[in-house]
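Comments concern the structure below.
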Amino acid sequence: MTDQLIIFDTTLRDGEQSPGASMTRDEKLRIARQLERLKVDVIEAGFAASSQGDFEAIHTIARAVRDSTVCSLSRANEHDINLAADALQGAQRARIHTFIATSALHIEKKLRMTPDLVFEQAKSAVRLARNRVADVEFSAEDAYRSDEDFLCQIIEAVIKEGATTVNLPDTVGYAIPELYGAFIKNIRTRVPNSDLAIWSVHCHNDLGMAVANSLAGVKIGGARQVECTINGLGERAGNCSLEEVVMAVKTRRDYFDLNVRLDTTQILAASRLVSQTTGFVVQPNKAVVGANAFAHASGIHQDGVLKARDTYEIMRAEDVGWSANKIILGKLSGRNAFKQRLSDLGVMPKSEADVNLAFAKFKELADRKSEVFDEDILTLVCDDGTAPGQDHYVLVSMKQHSETGEMPQASVVFTMNGLEVTGTACGNGPVDASLKAIEVHAHSGAELVLYSVNAISGSTESQGEVTVRLQSKGRVVNGVGADLDIVVASAKAYLSALNKLHTKPDHVAAQG
Ligand code: KIV
Ligand code: ZN
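All residue numbers for the sequence shown refer to the numbering used here, where the first residue is 1093 and numbers rise by one.
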């Protein structure tokens, strides 16, 4: 019988730990809903003890998601475990994921504990967690650099205490595929009660091998859960990328012989949503979800693909959510065609009122742009949830003047807490002038640490998607804005970042 490979998505926890990727509760909920549509088995919704905001986000997701297990991370102590269990109240299926570091380096330098204490704390954490929920995962942080004898003892002990999944992370991305696969196999073979738990891999991408290491952990090591994030989002160089690992297992089923529950046609929508929400742009040549992943530029390749697709394509673009026909709608398209497109793209809003709102935005865009691409529609729908009424800063209108040899000038009308203000300023270019015009009233004192523009589709008619990263008082936030006019997109992105600085509570003690 073919085994099931469990897909554990940690975009909302480990992914969120990327500097600037922090998300609001509503953003997390929107992503969780998309992960549920994608049919991931487990959604790690956050780290309940890290902040009130994370606690609330987990609680909201636990009550909204029905078809995936919802999980909270927790350090191996009673306080964290109770908060995780409380946040998960109302979930259809809840998991507590408790962890403690097991490498000598982490135990001595970070935890300042003895191995015996770590051993006891891991056992009692799993025991406490099992008193609250039936599904408990234990992670040995920095497992790959841990002493193997110690690791075997601790894993055997936590399985005895009732851990249903045991995870051996390569926390710092140091592993090599063959070695990591052999490591998982070795520990699994040596632990006498290993068959009572599901074995999991969790790899970071510091040497660019997170996906390869995870696949080796599955194939060589026998792991049956992979922890991953959409677009490979995560601290430093990120985590194992969900879309890559899933499509590898699906495309090479002949080799892996594993079932994956996911509806892969939802992958692109998930990728767009995460990129839009966090401002982490997907590189064009990124496997599976990059704009060029299925584009054939060279004559020989184009000729081959036209004659027989499998000459150069190993996956079908449609299977991961790209539409076969990329130019889709225009200003004459009706509501039904638009609705069908939303459904094909897997981003159907929940209510007819939301469809109407998205359709109105589509019509407005189609009036200004002759061809509306899938990417535009995904942007429209992702934009939909920003609920401008709830934002502190909202753009009303703007104008700029720039002329060769003259200093550009911009005037921006926006609301601050509902009150309309107009800022006017000069700058080194129209974008610079517009952001300075906003600052005339916002006085954020934030430092701009990143500004990037990305064309959503391929032509000069394309919408520009702007990402702005601001740093203020130790916090880093990203704002994203899209518009046909890149100066307007820049103002939207800047205001979106200011909104995040205004509302997002600080996280504490982010780990892992
Ligand atoms: O990388 C890591 O070790 C983690 C653990 C908390 C699972 O994220
Ligand atoms: Zn991690």
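Glycine included, every Cβ here is placed at the ideal spot set by N, Cα and C.
Model, not experiment: these values are computed from the prediction.
Continuous alpha helix (DSSP H) stretch holding residue i: start and end
i     : result
L1203 : Looking at the DSSP string, L1203 is not in any alpha helix (DSSP H), and its letter there is neither H nor E.
T1516 : Element bounds for T1516: not the alpha helix (DSSP H) but the beta strand (DSSP E), 1511-1518.
Y1272 : 1269-1282
V1523 : 1522-1534
F1506 : Careful: F1506 lies outside any alpha helix (DSSP H), inside the beta strand (DSSP E) at 1501-1508.
Whole-angstrom distance between residue j and residue i, CA atom to CA atom
i     : j     : result
E1200 : E1212 : 16 Å
N1570 : K1461 : 27 Å
A1585 : L1542 : 11 Å
G1265 : V1318 : 15 Å
E1336 : G1515 : 45 Å
M1115 : T1369 : 7 Å
G1396 : D1577 : 38 Å
E1148 : L1593 : 18 Å
V1558 : L1470 : 15 Å
T1257 : I1290 : 5 Å
E1498 : V1523 : 15 Å
G1413 : T1161 : 24 Å
V1600 : E1108 : With a pLDDT of only 42 at V1600, under 50, the local geometry of the prediction cannot be trusted, and the value read off the model is given with reservation. Roughly 13 Å separates the two Cα atoms.
I1188 : R1237 : 24 Å
K1528 : D1101 : 39 Å
A1479 : L1288 : Any reading at A1479 needs caution, since the residue's pLDDT is 45, under 50, leaving its predicted position unreliable; the model's value is listed next. The alpha-carbon atoms of A1479 and L1288 are separated by roughly 47 Å.
R1122 : Q1245 : 41 Å
D1476 : L1587 : Low per-residue confidence applies at D1476: pLDDT is 41, beneath 50, and the placement is therefore not dependable enough to give any value.
R1224 : A1267 : 34 Å
H1198 : S1216 : 20 Å
A1176 : V1560 : 33 Å
K1252 : T1356 : 36 Å
E1405 : F1430 : 29 Å
A1387 : M1205 : 53 Å
Run of the beta strand (DSSP E) containing residue i, from where it starts to where it stops
i     : result
E1229 : 1227-1233
K1491 : 1485-1493
H1189 : 1186-1193
F1544 : This sequence places Ser at residue 1544; Phe is not what is there. 1539-1547 is the extent of the beta strand (DSSP E) around S1544.
K1165 : The question names Lys, but residue 1165 in the sequence shown is Leu. Its beta strand (DSSP E) spans residues 1161-1167.
N1570 : 1567-1575
P1261 : 1257-1262
Q1368 : No beta strand (DSSP E) holds Q1368; the alpha helix (DSSP H) holding it covers 1359-1370.
G1138 : 1134-1139
A1292 : For clarity, residue 1292 is Ser in the given sequence; the question names Ala instead. Segment 1290-1295, the beta strand (DSSP E) holding S1292.
N1557 : One point to set straight first is that residue 1557 is Glu, not Asn, in the sequence displayed. Where E1557 is concerned, the enclosing beta strand (DSSP E) stretches over 1556-1564.
I1098 : 1098-1101
Cβ-based burial, residue i [other Cβ within 10 Å; buried from 16]
i     : result
D1402 : exposed
Q1492 : buried
L1243 : buried
G1371 : buried
T1194 : buried
P1284 : exposed
E1136 : buried
E1229 : buried
P1500 : buried
R1280 : buried
Under 9 Å between C-beta atoms of residue i and residue j
i     : j     : result
A1214 : A1196 : no
E1128 : R1158 : yes
S1110 : G1326 : yes
N1323 : G1273 : no
M1186 : D1227 : First, the residue type needs correcting, since residue 1186 is Ala and not Met in the sequence shown. The answer is yes: Cβ separation under 9 Å.
V1473 : L1434 : yes
V1513 : M1490 : no
I1173 : L1220 : yes
S1536 : A1583 : no
D1466 : L1360 : yes
A1581 : G1556 : yes
T1348 : K1399 : Position check: residue 1348 holds Phe in this sequence, whereas Thr was assumed. No, Cβ-Cβ distance for F1348 and K1399 is not below 9 Å.
Closer than 8 Å: residue i CB and nearest the ligand ZN heavy atom
i     : result
N1223 : no
N1331 : yes
H1189 : no
D1101 : no
G1326 : yes
H1296 : yes
Residue i: CB within 8 Å of a non-hydrogen atom of the ligand KIV
i     : result
L1220 : no
D1239 : no
L1165 : yes
P1522 : no
T1256 : no
S1114 : no
P1261 : yes
E1270 : no
S1231 : yes
E1108 : no
E1319 : yes
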